[in-house]
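Input: a single structure, listed below in C-alpha cells.
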Amino acid sequence: MMIKLIAIDLDGSLLDDNKNLPKDFWEAADKLFQKKINIVIASGRPFHNISSVFDPIKDKIYFACDNGSYVVHANEELLVNQLDPASIKGFVEISRPIENVYPVLCSKHVAYIENTEEVFTSQALKYYQEYKVVEDLTKVDDIILKISLCDLAGSETNSYPFYKQFENDFKVAVAGAIWLDITNIDGSKGTAIKTIQERLKVSSEETLVFGDYLNDMDMIQNAGYSYAMKNAHPEILKAAKYITELDNNNGGVTHTIKQLIDLS
Numbered sequence: 082m083m084i085k086l087i088a089i090d091l092d093g094s095l096l097d098d099n100k101n102l103p104k105d106f107w108e109a110a111d112k113l114f115q116k117k118i119n120i121v122i123a124s125g126r127p128f129h130n131i132s133s134v135f136d137p138i139k140d141k142i143y144f145a146c147d148n149g150s151y152v153v154h155a156n157e158e159l160l161v162n163q164l165d166p167a168s169i170k171g172f173v174e175i176s177r178p179i180e181n182v183y184p185v186l187c188s189k190h191v192a193y194i195e196n197t198e199e200v201f202t203s204q205a206l207k208y209y210q211e212y213k214v215v216e217d218l219t220k221v222d223d224i225i226l227k228i229s230l231c232d233l234a235g236s237e238t239n240s241y242p243f244y245k246q247f248e249n250d251f252k253v254a255v256a257g258a259i260w261l262d263i264t265n266i267d268g269s270k271g272t273a274i275k276t277i278q279e280r281l282k283v284s285s286e287e288t289l290v291f292g293d294y295l296n297d298m299d300m301i302q303n304a305g306y307s308y309a310m311k312n313a314h315p316e317i318l319k320a321a322k323y324i325t326e327l328d329n330n331n332g333g334v335t336h337t338i339k340q341l342i343d344l345s
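With the working numbering, the residue at position 123 of the sequence shown is 204, and numbering never jumps.
Shown next as C-alpha cells:
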C-alpha cells in the first residue's frame, strides 16, 4: 500500500462530539510528516477556525475550507472559488420565509450574519469566531465562498427541499444535521482534493480519505482508499469502500491510519 495523501473531514470524523482531537493525533501526524505523507483537513468550517485547531502544524497541513471552496497551504492560496453576487442575493432571499433558518455568508476571513438571536448564534459562533453583523446580507461587498444555512429544524428535511432545484448548477450539500451549504458546482471537497493531488502529483489511488456526512460524498467517491466513519450518514456508508472499526468518539481516524500505515 502506497499512501501519499490523507484527507480528513473534521466534525464527526477526526473530532469527537465534544470537538476534541484524538489523544494520539499529534504523534500520528508527526510520524506521517516524517514519512512524507501529506495531510489535508477538509471541512465546511472557515480557514480562521480550522487553522486555530491545528496551530502547531498549520504550515505543514493543507486546508480545504468552506467545503473545498478555499484551499490554503503555508499561507498560500491554492484555490479561491467565488460565488457570484446575483446568486447570493437569490439564495438569501429564498431563505427568508423558511422557518428556523439563518443564512451565513462565508468569505475568506470573516462570516456575515444578520441575526443575533442566541438560539442561532450559540450554534453558528462555534465555527465563525470572526464575524460581522450586517443589516442586509444581499448587500455585502466581499468575496463570498459559500452560503451556509443554519437550519434549526433540520437541514435535510426543512431547507434542502427549497434548494434541491439548484443542484444542476450549484453544489447543494447537507453538511450536518442543522447545516446546508451552497457553493459553486465545482466548489466541493472533491475538487479541492483534486487540486492538491495535481499540485503534489499524487493519484487518487495514493489517496486515503475519511468522511461522515453528505458534503464528503465526492471526496469519498474519488479516492482509492475511502473510509466512511462508523457513525456516518447512511449514504456515506454506502458510497465508501470501507468503514472504520471505531467511530469519531473513539479515535476512528487515527486507529485506521495506524492499521494501514506503519507509524512505529
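A virtual CB, placed ideally from N, CA and C, is assigned to each residue, including glycine.
Span of the alpha helix (DSSP H) around residue i
| i | result |
| --- | --- |
| Tyr241 | Tyr241 to Tyr244 |
| Pro315 | Pro315 to Ala320 |
| Leu281 | Lys270 to Leu281 |
| Asp111 | Phe106 to Gln115 |
| Asp299 | Met298 to Gln302 |
| Thr335 | Gly333 to Leu341 |
| Val134 | Phe128 to Val134 |
Close beta carbons around residue i, own chain, < 8 Å, minus the five adjacent residues each side
| i | result |
| --- | --- |
| Ala256 | Gly125, Asn148, Ser229, Ser236, Asp262, Tyr294, Leu295 and Asn296 |
| Tyr324 | In the sequence under discussion, the amino acid at residue 324 is Ile, which differs from the Tyr named in the question. Closer than 8 Å at the Cβ level, and outside the excluded window around Ile324, lie Tyr308, Ala309, Met310, Lys311, Ala313 and Leu318. |
Distance cut-off 7 Å: residue i Cβ against heavy atoms of the ligand FMN
| i | result |
| --- | --- |
| Asn330 | With respect to the ligand FMN, the structure offers nothing, as it holds no ligand at all. |
First through last residue of the beta strand (DSSP E) which encompasses residue i
| i | result |
| --- | --- |
| Asn119 | Asn119 to Ala123 |
| Gly257 | Phe251 to Gly257 |
| Ala309 | Tyr306 to Ala309 |
| Tyr294 | No beta strand (DSSP E) contains Tyr294, which DSSP labels as neither H nor E. |
| Phe247 | Premise fails: Phe247 is in no beta strand (DSSP E) and is neither H nor E. |
| Tyr208 | Neither: Tyr208 is in no beta strand (DSSP E) and is coded neither H nor E. |
| Asp90 | Leu86 to Asp90 |
Straight-line Cα distance separating residue j from residue i
| i | j | result |
| --- | --- | --- |
| Lys104 | Lys220 | 44 Å |
| Thr202 | Ser132 | 21 Å |
| Lys252 | Thr264 | 5 Å |
| Ile224 | Lys189 | 7 Å |
| Arg177 | Ser168 | 15 Å |
| Tyr306 | Val173 | 37 Å |
| Gln340 | Gly292 | 17 Å |
| Thr335 | Tyr241 | 32 Å |
| Phe144 | Met298 | 18 Å |
| Asp250 | Pro166 | 15 Å |
Same chain, Cβ closer than 7 Å to residue i, neighbours up to 5 away in sequence not counted
| i | result |
| --- | --- |
| Ala110 | Ile120 and Ile138 |
| Gly332 | Pro103 and Asp105 |
Contact check, residue i vs residue j, beta carbons under 8 Å
| i | j | result |
| --- | --- | --- |
| Ala155 | Ala123 | no |
| Lys207 | Ser150 | no |
| Glu195 | Leu218 | yes |
| Leu344 | Lys112 | yes |
| Val152 | Ile277 | yes |
| Asn312 | Leu96 | no |
| Cys287 | Lys85 | Position check: residue 287 holds Glu in this sequence, whereas Cys was assumed. Closer than 8 Å, so yes. |
| Asn162 | Gly271 | no |
| Asn99 | Ile179 | no |
| Val215 | Tyr193 | yes |
| Phe243 | Ile175 | yes |
| Pro127 | Tyr209 | yes |
| Glu199 | His129 | no |
| Ile274 | Leu233 | no |
| Ala304 | Ser285 | yes |
Same chain only: Cβ atoms within 6 Å of residue i, ignoring 5 sequence neighbours per side
| i | result |
| --- | --- |
| Phe135 | Ile142 |
| Gly171 | none |
| Asp140 | Ala155 |
Beta carbon proximity, residue i to chain D, threshold 8 Å
| i | result |
| --- | --- |
| Asp140 | No chain D is part of this structure, which consists of one protein chain only. |
| Which ranges would you report for the beta strand (DSSP E) in the region 166-201 if only whole runs of at least 3 residues count? | Here the runs fully enclosed are 182-188 and 192-194.
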